[in-house]
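Residue numbers (UniProt numbering): 1 to 92.
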């Protein structure tokens, strides 16, 4: 796991998932059949989630922004700010 952006996925209601924790599955964030460290996750409702891809989250498998250089912000606030920075760069 060396990515710094979370995997944004929709989980379906009443469905179980195996989430890759080894960082080597080509099907990430979902575990391949041979993943040595899958994490079981069950979704009670349909929901959009941010799954950790850096391996540093304290709320695995969910992204908590641990890798975020803007750590005092929520991950959503930081991404919004980064998007604004990017847009302003292209407007120059």
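From the three backbone atoms N, C-alpha and C, an ideal C-beta is built for every residue, glycine too.
Subject >> Top-ranked residue by Cα proximity to residue 34, from 19, 86 and 72 >> reply: Position 34 of the chain shown, counted from the first residue, corresponds to residue 34. Answer by Cα proximity: 19.
**OP:** Pair every Cβ in the segment 80–92 with every Cβ in the segment 37–46, then say whether three or more of these pairs are closer than 8 angstroms.
**Re:** Output reads no: the segment 37–46 does not touch the segment 80–92.
**OP:** Would you kindly report the start and end of the unbroken alpha helix (DSSP H) that includes residue 89?
**Re:** Sequence index remark: in the chain shown, residue 89 carries index 89 (1-based). From DSSP, the alpha helix (DSSP H) with residue 89 extends over 75–91.
**OP:** Tell me where the beta strand (DSSP E) around residue 18 begins and ends.
**Re:** As a position in the chain shown, residue 18 is number 18, starting the count at 1. Looking at the DSSP string, the run of the beta strand (DSSP E) that includes residue 18 is 15–19.
Subject >> Rounded separation between residue 32 and residue 47 - CA only >> reply: By 1-based counting over the chain shown, the position of residue 32 is 32. By 1-based counting over the chain shown, the position of residue 47 is 47. Taking the straight line joining both Cα atoms gives about 22 angstroms.
**OP:** Please go through the same chain and pick out, in chain order, the residues whose beta-carbon is closer than 6 angstroms to the beta-carbon of residue 8, but skip the five residues on each side of it.
**Re:** Taking the first residue of the chain shown as 1, we reach residue 8 at position 8. Counting only residues of its own chain and dropping the five nearest sequence neighbours on each side, residue 8 has a CB closer than 6 angstroms to the CB of 50.
Original post:
Unbroken beta strand (DSSP E) runs of length 3 or more, entirely within the UniProt domain "Iron-binding zinc finger CDGSH type" (36–73): which are they?
Top reply: The UniProt domain "Iron-binding zinc finger CDGSH type" (36–73) contains these whole beta strand (DSSP E) runs: 39–43 and 47–51.
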